[in-house]
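Note sheet for the following structure.
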Amino acid sequence: MSEAIVLGGSNSRHIALGLAKELNAEYYPVEVKRFPDNEAYVRLPTEVKGKETVYVNSLQPNPDSSLIEALLTLDDIKKHGAKRVIAVVPYMSYARQDEEFNPGEAVSIFTVGSLFQSISVDYIITVDMHLHRITDPHRTFGAAIKNITGVKELTKYVRRNIDYKNAVIVGPDEEAEQWARVMAEGLGLSYTTLKKKRISGSEVAVKGELEGINGKDVIMVDDIISTGGTIVEATKLLREAGANKIYATCVHPLLVGEAYFKLVELGLEALIGTDTVLSPISYVQISPAIAEELKGILNAN
Ligand code: R5P
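Residues in the sequence shown are numbered consecutively from 730, following my numbering.
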């Protein structure tokens, strides 16, 4: 049995349990309740003093209350004398607002980073955090931070479950190039990316040169599916270009509002996401990828 313990926050007990199994460590769900006035109440389920303590919680759904729950718990772990506090945040919310796009806007991820810094956690592991404009996450969070990718786990799932030999991998926007490349390399396929212009929080326009798509199957891969707008527009374009079977995959299936129904109504061959955020398409477990990273951190001590 490992000397580490793994505590699960209310969004990610399934991942915490998976990690505890992989690490051969004790698992405990954190007690989380609400006071009558709706403030969060958190209580540690076990003694953490002197122990390597891994706390796991995605900051979705309900990003505001999830963030408070995570901060209360991490601070509690720190104050109770854990040997090291290792925060596993499979989905880091607020990372998409990483720039003052319009005058006067808060750059939310810097504020969230400062909050983590104030607790002095020792290590943060997150998954495909939206880091397009943050060049120094270590400085933003004031802790050693590792941003791993969930696309390798998605790729393993595709290899096992989809007849992908006639497929092209497509990133639905330019930022998705990094994920399209990883999946394409993993499957020995070629890839391309589309160009996206965001019109509003839920509206996008997508275009792209799509020679070579006619008659091919397409596997799209993105980090996040939120409103589904990107996948809907990309699918229209791919169909116009003559794509055969179309699959959509993502690491973080936020699927806000009507997104799931909108995507189902598109009639795609399959919709596949990981379980960083639980959703009807969370077929792929993220815990093996996180466990690999954790083993390195725990053994290095
Ligand atoms: C954007 O930067 C992300 O990589 C995703 O493409 C985006 O979050 C998808 O959002 P939606 O599903 O709302 O179009």
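Think of the CB as a built atom: it goes at the ideal place given N, C-alpha and C, for glycine as much as any other residue. Since the structure is predicted, the reported quantities are computational estimates derived from the model, not experimental observations.
For residue i and residue j, which I take to be in contact (beta-carbon distance under 8 Å), what is that distance rounded to the nearest angstrom?
{"i": "histidine 981", "j": "aspartate 857", "result": "7 Å"}
{"i": "tyrosine 820", "j": "valine 1013", "result": "Their Cβ separation, rounded to whole angstroms, is 14 Å, which puts tyrosine 820 and valine 1013 out of contact at 8 Å."}
{"i": "alanine 909", "j": "tyrosine 893", "result": "About 14 Å; that fails the 8 Å criterion."}
{"i": "lysine 807", "j": "serine 739", "result": "The Cβ separation is near 19 Å, so there is no contact."}
{"i": "valine 783", "j": "valine 735", "result": "5 Å"}
{"i": "leucine 748", "j": "valine 785", "result": "6 Å"}
{"i": "threonine 959", "j": "valine 993", "result": "With 8 Å as the limit, threonine 959 and valine 993 do not qualify as a contact, their Cβ atoms being about 16 Å apart."}
{"i": "leucine 967", "j": "leucine 939", "result": "7 Å"}
{"i": "glutamate 962", "j": "tyrosine 976", "result": "The pair is not a contact, with the Cβ atoms about 16 Å apart (cut-off 8 Å)."}
{"i": "lysine 1024", "j": "leucine 752", "result": "7 Å"}
{"i": "leucine 1007", "j": "alanine 733", "result": "Incorrect: roughly 24 Å between the Cβ atoms, too far for contact."}
{"i": "leucine 883", "j": "isoleucine 1001", "result": "7 Å"}
{"i": "serine 787", "j": "serine 741", "result": "5 Å"}
{"i": "aspartate 805", "j": "arginine 862", "result": "Between arginine 862 and aspartate 805 the Cβ distance is about 32 Å, and since that is not below 8 Å, they are no contact."}
{"i": "valine 947", "j": "threonine 978", "result": "Actually they are not in contact, since the Cβ atoms of valine 947 and threonine 978 sit about 11 Å apart, beyond 8 Å."}
Within the same chain, show all residues whose beta-carbon is closer than 7 Å to that of residue i, passing over the 5 residues directly before and after it, in chain order.
{"i": "histidine 867", "result": "Ala873, Ile874"}
{"i": "alanine 913", "result": "Ile898, Ser919, Tyr920"}
{"i": "lysine 945", "result": "Asn895, Ala896, Val897, Ala972, Asn973"}
{"i": "alanine 745", "result": "Val735, Leu736, Gly737, Tyr756, Val785"}
{"i": "arginine 825", "result": "His859"}
{"i": "isoleucine 1015", "result": "Ile744, Pro819, Val856, Gly879, Glu882, Thr1003, Asp1004, Thr1005"}
Leaving aside the five residues before and after residue i along the sequence, list all residues of the same chain whose C-beta is less than 6 Å from its C-beta, in chain order.
{"i": "glycine 779", "result": "Lys812"}
{"i": "isoleucine 853", "result": "Ala816, Phe870, Ala872, Ile874"}
{"i": "glutamate 1022", "result": "Ile854, Lys875, Ile877"}
{"i": "glycine 842", "result": "Thr869, Phe870"}
{"i": "glutamate 829", "result": "Val836"}
{"i": "tyrosine 823", "result": "Ser837, Ile838, Val841"}
{"i": "arginine 762", "result": "According to the sequence shown, residue 762 is lysine rather than arginine. Around lysine 762: Tyr770."}
Between which residues of its own chain and residue i is the CB-CB distance below 8 Å, once the five residues before and five after are set aside?
{"i": "histidine 809", "result": "Leu773, Glu776, Val777, Lys778"}
{"i": "valine 985", "result": "Ser955, Thr956"}
{"i": "threonine 922", "result": "Val899, Gly900, Pro901, Asp902, Glu903, Ala905, Glu906, Ala909, Gly937"}
{"i": "alanine 1029", "result": "none"}
{"i": "alanine 799", "result": "Gly738, Tyr784, Asn786, Leu788, Ala816, Val818"}
{"i": "isoleucine 797", "result": "Ala769"}
In terms of DSSP beta bridges, what is residue i paired with?
{"i": "valine 841", "result": "According to DSSP, valine 841 bridges with nothing at all."}
{"i": "lysine 926", "result": "Ala934"}
{"i": "tyrosine 770", "result": "Lys762"}
{"i": "asparagine 876", "result": "Thr855"}
{"i": "serine 1011", "result": "Gly1002"}
{"i": "threonine 884", "result": "Note: threonine 884 sits in no beta bridge, so no partner."}
{"i": "glutamate 755", "result": "Ile734"}
{"i": "threonine 921", "result": "Val899"}
Going by DSSP, what residue range makes up the alpha helix (DSSP H) through residue i?
{"i": "glutamate 760", "result": "Counting along the chain, glutamate 760 falls outside any alpha helix (DSSP H), though it belongs to the beta strand (DSSP E) covering 760 to 763."}
{"i": "serine 795", "result": "792 to 808"}
{"i": "arginine 742", "result": "742 to 752"}
{"i": "histidine 981", "result": "Taken as a continuous stretch (DSSP letters only), histidine 981 belongs to no alpha helix (DSSP H), being part of the beta strand (DSSP E) at 975 to 982."}
{"i": "methionine 949", "result": "That residue, methionine 949, is in no alpha helix (DSSP H); its beta strand (DSSP E) goes 946 to 954."}
{"i": "glycine 915", "result": "906 to 916"}
{"i": "threonine 964", "result": "958 to 969"}
{"i": "alanine 988", "result": "988 to 993"}
{"i": "threonine 869", "result": "866 to 870"}
Quick check on the DSSP output: the beta strand (DSSP E) that includes residue i runs from which residue to which?
{"i": "threonine 855", "result": "852 to 856"}
{"i": "proline 1017", "result": "Here proline 1017 belongs to no beta strand (DSSP E); instead the alpha helix (DSSP H) covers 1016 to 1028."}
{"i": "glycine 1002", "result": "999 to 1003"}
{"i": "leucine 1031", "result": "It is not possible to answer for residue 1031, since the shown part of the chain is limited to 730 through 1030."}
{"i": "alanine 816", "result": "813 to 818"}
{"i": "isoleucine 898", "result": "896 to 900"}
{"i": "tyrosine 784", "result": "781 to 785"}
Using a Cβ-Cβ distance under 9 Å, would residue i count as near chain B?
{"i": "glutamate 987", "result": "Absent from the structure is chain B; it holds one protein chain and no more."}
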